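One structure is given here, and the rest of the page talks about it.
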Amino acid sequence: MNNKLCDISKNIKDLLKVMNQQPSGFAFIVKNKKLIGLLTDGDIRRLLLQDTTLEDSVSSLNIQMCEFAYENDDYSTIISKLNQKIRVLPIVNKNMNVSDFVQLDKRSYIPVAQPNLIGNELKYVTDAVLSTWISSTGEYIEKFENNFAGFINMKHGVSTSSGTSALHLALLTLGIGEGDEVILPDLTFAATINSVLHAKATPVIVDVDEDSWCIDPDQISKAITKKTKAIIAVHLYGQPCDMNAIMKIAKKNNLKVIEDCAEAHGTEFEGKKVGSFGNISCFSFFANKIITTGEGGMCLTNSSESNDKLRTLRDHGMNRTRKYWHDVVGYNYRMTNLQAAIGCAQLERIDEILAWRQKIEEGYIKIFCNYPYIQSQNKIKGTKKIPWLVSALVFEKDIDKIIQHFNNNGIDVRNLFYPLSTMDIYQNYAFNKNKISKKLSERGLSFPTHASVDFKRIEEVFKTIL
Ligand SMILES: *Cc1c(COP(=O)(O)O)cnc(C)c1O
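Going by our numbering, the sequence shown opens with residue 10, and the numbers climb by one from there.
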C-alpha cells in the first residue's frame, strides 16, 4: 500500500515514480501521512503541458480532496462510490491514514448480452476452415438448417445472412410488395418495419397489449383494410404473441402471417414453439440473441413452394437446376458455413441455454420482489417464455436516473425499444396513438441476461438506488 503514497513535500518526478508502480496511473497524496487527495498520470500530463516542470514540488499543485471510504464502511457503501468517473477509491482509518484502496475493474463490466461459446463452437469453426468450405456451401449449412427446423418442428429451414434479410425474403416470398399493407407492432426492433419498407410495402403500426407487450389482436382487427396482406407477429423479449387470436384473424381475412422470432428461440405458446404458427417464421442469430452464429438468420416454413422461393431469392434469383440462369431478380442473403458451424455447436446445447435463461429470469424476479416499484414482464398463462433480455417496468421512480446508476456501477441496463411511431421516419405509418407502446417504452428496462450475470452485484446496486 505504501508504494501508492506520495508525500506533498516530494517533487513531480518522484510523484511520477510512485504512479509508475503497479497498479499504475495514480498516487494518493498525503501530508503527515494523512490523505489530502488523489492525482492521476492524466492530471500530471495536463500540468506538464502547461507551465509545471518535473522539479516543481507537489505542494505547488492545487490538490483537492478526493472521494474516499472508511475502513469500517460496509461493502455496498464502498462499491456504490465507484463509478466510471471515480475508478479508484482510497480506504482510510479514522486518522485519515490510507490503509487500502479499491479500484473499478474494467473486466467486471456486465454487458446486457454476451454469447455463450463454451461448447464445440471453436472446434466446428476450425473444422470448417480446414475443410476450405468457408462460403455458403458446406456440410454445416445443411445440418444447421435441418436441425434448427427440427428443433422448432418445422419442415424447411432456409438460413440467411441476418434476421433482417430473413424478414425481407419472407415478405417477398409471400408476394408482398408495392400497394400492400402489412400490420406490425409499434414496440419492436426497427428491422421489423425496415424489412417491410425494403419490400416496398406499406407498414401499418398498431399498438401492443399491456399484459404481454406484444401486438394487440384487437388493434390488428381494427387496422385491416382491403389492402392488408399480412401481419408480422413479433414475439417481444421472448414473450409469445397471442397466436390463437392472430391466426383466427388471419384466416378470417385471408392474410399471411410472418412470425418475427428474432427474440424468442424456444418460446412456446400453448405447448407449441413459436415459429410454427405462421406461413413463414424468421429468426435472428445475431451475437446478442438467444443463440447465435455471429451474424445470421433463418426462415422456417412448412410449404415446399415457399422453401423453393426463399432459396431462389436468397441465392441471386438463380434457377435451382440451371446454373447462371436467372428467373427473378434475387439477392445474396446467404449464411456462411463458418457461421453455420457456430450454429450447430449452439444447437447441441440449446436445451441447456434455454434452461439457464429461464433460471436467470427467476433470479431477477426474486430481486424485483423486494422492490415494489419494479414489475417484470408478465408471464402469460399457457405459455413458456424464454427471456431474451429480462425486462421490467419501473413505476414512481426516475427511470433515467436508475439506468444511469446501473451504468455508473458497470452494469449495462437499458431502456426498452422506442415505439416506431415516435421516430420521424416511421411516424406516418402509425395506425393510431399507440399509447400503451409509449407507456411501456417510457417505463421499461432491460437487464443483463447471460451466463455470467452476477446477481450479488445487481442486488448491491438495487440496494443503493434510493
Ligand atoms: C434483432 C432483431 C431483428 C433483426 O435481426 P438481425 O439479425 O440483427 O438482422 C429483427 N426483429 C427483431 C424483433 C429483432 O430483435
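C-beta: ideal position from N, C-alpha, C; glycine also. In this text the structure is predicted, and so the values were computed from the model without any measurement.
- If the five residues before and after Thr276 are omitted, its C-beta is found closer than 8 Å to the C-beta atoms of His244, Gly247, Gln248, Pro249, Cys270, Lys282, Val283, Thr392, Lys393, Lys394 and Ile395, all from its own chain and listed in chain order.
- At least one heavy atom of ligand 1 is found less than 8 Å from the C-beta of Ala271.
- Beta-bridge analysis with DSSP links Lys43 to Lys40 and Asn106.
- Set against 8 Å, the gap from the CB of Phe110 to the closest heavy atom of ligand 1 is not smaller.
- Counting of Cβ neighbours within 10 angstroms places Cys378 among the exposed residues, the total staying below 16.
- Of the candidates Leu356, Glu304 and Glu314, the residue whose Cα lies closest to the Cα of Gln348 is Glu304.
- Every alpha helix (DSSP H) stretch that sits fully inside the region 258 to 327 and reaches 4 residues is listed by chain position as 313 to 323.
- Runs of beta strand (DSSP E) with 3 or more residues, each lying fully within the region 366 to 420, are found at 383 to 385 and 400 to 403, listed in chain order.
- Secondary structure remark: continuous beta strand (DSSP E) runs of at least 3 residues inside the region 56 to 125, in chain order: 97 to 101 and 107 to 112.
- With contacts defined as CB atoms closer than 9 Å, Ile240 and Leu264 qualify as a contacting pair.
- Annotation: the region 124 to 202 contains the following complete segments of the beta strand (DSSP E) (minimum length 3 residues), in chain order: 165 to 169 and 190 to 194.
- In this structure, the CA atom of Lys26 is about 20 Å from the CA atom of Arg96.
- In this structure, the alpha-carbon of Asn441 lies about 28 Å from that of Lys390.
- Of the candidates Met432, Gln413 and Asn418, Gln413 places its Cα closest to the Cα of Asn424.
- Looking at the DSSP output, Leu347 shares a beta bridge with no other residue.
- In this structure, Thr234 places its C-beta atom within 9 Å of the C-beta atom of Glu190.
- Per the coordinates, the alpha-carbon of Thr141 lies some 51 Å from the alpha-carbon of Gln228.
- Judged by DSSP in its simplified three-state form, His244 adopts coil rather than helix or strand.
- Contact check between the region 252 to 260 and the region 208 to 217: fewer than three CB pairs, one atom from each, fall below 8 Å, which does not count as touching.
- In the DSSP assignment, Pro212 falls within the beta strand (DSSP E) that extends over Thr211 to Val215.
- Take the alpha-carbon of Asn418 and the one of Asp65: they are about 37 Å apart.
- In this chain, Asp227 is not harboured by any beta strand (DSSP E); it is covered by the alpha helix (DSSP H) spanning Pro226 to Ala232.
- Our two residues, Gly34 and Asn104, have alpha carbons roughly 25 Å apart in a direct line.
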